[in-house]
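For reference, the structure is listed below as structure tokens.
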Amino acid sequence: MNTNNSDGGGKRIKAVQRAFEVVAVLREEGTVRIQDVADSLDIPTSTAHVHLNSSG
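Offset between the sequence shown (1-based) and my numbering: plus 55.
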């Protein structure tokens, strides 16, 4: 079993976690702007945009 994390597995897990956080904001707030999601999660607007763009 490969236990080193050189394949980016930790980054993938973080991305999935962030995606769930974005979904949670959308469920709680309904229709929001990208900036609203970014502000709610304290992430850059570009990161929020990537997650929203890849979710649908």
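Ideal placement from N, C-alpha and C gives every residue a C-beta, glycine not left out.
With a beta-carbon spacing of about 4 Å, residue 93 and residue 103 fall inside the 8 Å limit used to define contacts. In the displayed model, residue 64 falls within a helix according to three-state DSSP. In the displayed model, residue 82 falls within a helix according to three-state DSSP. In chain order, 96, 98, 102, 106 place their CB closer than 8 Å to the CB of residue 73, counting only its own chain and leaving out the 5 sequence neighbours on each side.
In the three-state DSSP reduction, residue 73 falls in the helix class (H, G or I).
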